[in-house]
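Trainee: Read in the working numbering, the sequence shown has 133 at position 130, and its numbers run on one by one without any break.
One structure coming up, written as structure tokens, with questions to follow.
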Amino acid sequence: MSSSTPISRTQAWLESLRLRTLPLALASIITGSAIAFWQHAFKADVALLALLTAAMLQILSNLANDYGDAVKGSDTEERIGPLRGMQKGVITQPQMKRALMLTVLLTIISGIALIAVACEKPEDVFGFLILGLMAIVAAITYTVGTRPYGYMGLGDISVLVFFGWLSVAGTYYLQANVFSSVVMLPATACGLLAVAVLNINNLRDIENDAQNGKNTLAVRLGPVRARYYHAALLIGAVVCLALFALFNLKSWSGWLFVLAIPALLRHIRYVLHEQTPAAMRPMLESMVKCALLTNLLFAIGVVLS
Numbered sequence: 004m005s006s007s008t009p010i011s012r013t014q015a016w017l018e019s020l021r022l023r024t025l026p027l028a029l030a031s032i033i034t035g036s037a038i039a040f041w042q043h044a045f046k047a048d049v050a051l052l053a054l055l056t057a058a059m060l061q062i063l064s065n066l067a068n069d070y071g072d073a074v075k076g077s078d079t080e081e082r083i084g085p086l087r088g089m090q091k092g093v094i095t096q097p098q099m100k101r102a103l104m105l106t107v108l109l110t111i112i113s114g115i116a117l118i119a120v121a122c123e124k125p126e127d128v129f130g131f132l133i134l135g136l137m138a139i140v141a142a143i144t145y146t147v148g149t150r151p152y153g154y155m156g157l158g159d160i161s162v163l164v165f166f167g168w169l170s171v172a173g174t175y176y177l178q179a180n181v182f183s184s185v186v187m188l189p190a191t192a193c194g195l196l197a198v199a200v201l202n203i204n205n206l207r208d209i210e211n212d213a214q215n216g217k218n219t220l221a222v223r224l225g226p227v228r229a230r231y232y233h234a235a236l237l238i239g240a241v242v243c244l245a246l247f248a249l250f251n252l253k254s255w256s257g258w259l260f261v262l263a264i265p266a267l268l269r270h271i272r273y274v275l276h277e278q279t280p281a282a283m284r285p286m287l288e289s290m291v292k293c294a295l296l297t298n299l300l301f302a303i304g305v306v307l308s
């Protein structure tokens, strides 16, 4: 889409918010809550506040990503992905800065409310305050700042940590008030699926990113190895869920997630076969749907178990 395409301010803000990414961010909270339910530790108020906080963090990350890429000029009209409000000139830098500050404030309020409701020990309060601040900093510095880690190929590990390990395990802990290593396999699977969404995005923009100094992991690996890396992410997620079901669940319902495998395999086949960045554009929505389907089927299966 050209920067000259007419667009209203409302449309520009909706594009920058990227509300379609929210279900994937919320999937990790649903997964952690499902495991808490399975362990008879589910708390609805904590789960709802965790969902709200995760949504605010995702929106903050989306806005910061638009701001950072626009300021650095890495999103040009040559990129295959859509140009957002700032790149089109509809949203100004001061307006986006104010939106970022407001989103940070709302995220902090939501996070403090979550901690106040869920944490029973002073050390837990301190620990989750630190983790919350780390999540906010990570959401902003992916593309913002003098040395954004997204431009150094570190975005994948950040997504694995924050959208997998910390999100799923943290949600479980806030409800059960105890850590269990059993949660780490689903947390890893959830994180790998989220990383796969990021990787598809980076494969789509690989040429534009390379030309503008945005050295994502896909750029560092190259288009061929990044595709095999993508397949490994999805296979790894399924293996983690299978190991969890094998060692922890006795009911057949714990294997509901296998219903998503055909969709994952079709996705892998397409990504490995189609070699152009433009061919990856429809695969971003496909990957989000595949990740969401896998997570939801797993969560439902765990609850039924």
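Just so it is clear, CB atoms sit at the ideal spot from N, CA and C, and this is done for glycine as well.
Quick one: Cα of residue 208 to Cα of residue 72, how far?
Mentor: The straight-line gap from Cα to Cα measures roughly 12 Å.
Trainee: Mind checking which residues open and close the alpha helix (DSSP H) that includes residue 257?
Mentor: Careful: residue 257 lies outside any alpha helix (DSSP H) and carries neither H nor E.
Trainee: Quick check on this structure: which residue in 152, 257, 302 and 236 has the alpha carbon closest to the alpha carbon of residue 217?
Mentor: Residue 217 has its Cα closest to that of 152, out of 152, 257, 302 and 236.
Trainee: Sorted by chain position, which residues of the same chain lie with C-beta nearer than 8 Å to residue 231's C-beta, five sequence neighbours on each side aside?
Mentor: Cβ neighbours of residue 231 beyond the five flanking positions: 275.
Trainee: Hey, residue 117 and residue 131: beta-carbon distance below 9 Å or not?
Mentor: For residue 117 and residue 131, yes; Cβs fall inside 9 Å.
Trainee: Evaluate the contact criterion for the stretch 254 to 269 versus the stretch 211 to 228: three or more CB pairs, one atom per stretch, below 8 Å.
Mentor: No, they do not touch.
Trainee: On the DSSP letters alone, give me the boundaries of the alpha helix (DSSP H) that residue 34 sits inside.
Mentor: Segment 25 to 41, the alpha helix (DSSP H) holding residue 34.
Trainee: Below 8 Å on the Cβ atoms is my contact criterion, and I expect residue 32 with residue 174 to pass it. Report the Cβ-Cβ distance as a whole number of Å.
Mentor: Yes, residue 32 and residue 174 are in contact; Cβ-Cβ is about 5 Å, under 8 Å.
Trainee: Quick one: is residue 41 buried, meaning 16 or more other Cβ sit within 10 Å of its Cβ, or exposed?
Mentor: Its Cβ being crowded by 16 or more others within 10 Å, residue 41 is buried.
Trainee: Are there three or more Cβ pairs, one per stretch, closer than 8 Å when the stretch 54 to 63 is compared with the stretch 112 to 129?
Mentor: Counting Cβ pairs under 8 Å, three or more are found: they touch.
Trainee: Taking a contact to mean a Cβ-Cβ separation below 9 Å, would you say residue 70 touches residue 147 in this structure?
Mentor: Result yes, Cβ atoms of residue 70 and residue 147 sit closer than 9 Å.
Trainee: So for residue 180, helix, strand or coil by DSSP?
Mentor: In the structure shown, residue 180 sits in coil (DSSP, three-state: anything other than H, G, I, E or B).
Trainee: Take the Cβ of residue 24 as the centre, count every other Cβ of all protein chains shown within 10 Å, and call the residue buried at 16 or more, exposed below.
Mentor: Buried, by the Cβ-count rule.
Trainee: In whole angstroms, what is the alpha-carbon distance linking residue 54 and residue 183?
Mentor: If I take the Cα positions, the gap works out to 21 Å.
Trainee: With DSSP run on the structure shown, which of helix, strand or coil describes residue 204?
Mentor: Helix, per DSSP.
Trainee: Report the CB separation of residue 44 from residue 179 in whole angstroms; it is logged as a contact under 8 Å.
Mentor: Right, the Cβ-Cβ distance comes to about 4 Å (below 8 Å), so this counts as a contact.
Trainee: Confirm, please, whether the CB-CB distance from residue 290 to residue 199 is below 9 Å.
Mentor: Yes. Within cutoff.
Trainee: Any idea if residue 121 is buried or exposed, counting beta-carbon neighbours within 10 angstroms, 16 or more meaning buried?
Mentor: By the neighbour-count rule (16 or more Cβ atoms within 10 Å), residue 121 is buried.
Trainee: Assuming residue 293 and residue 270 make a contact with CB atoms under 8 Å, what is their CB distance in whole Å?
Mentor: That belief holds up - the Cβ atoms of residue 293 and residue 270 are roughly 5 Å apart, short of 8 Å.
Trainee: Determine whether the beta carbon atoms of residue 295 and residue 247 lie at a separation below 9 Å.
Mentor: No. Outside cutoff.
Trainee: Relative to the alpha-carbon of residue 138, which residue among 185, 126 and 158 has its alpha-carbon at the smallest distance?
Mentor: Ranking 185, 126 and 158 by Cα distance to residue 138 puts 158 first.
Trainee: Are residue 135 and residue 168 closer than 9 Å when you measure CB to CB?
Mentor: No.
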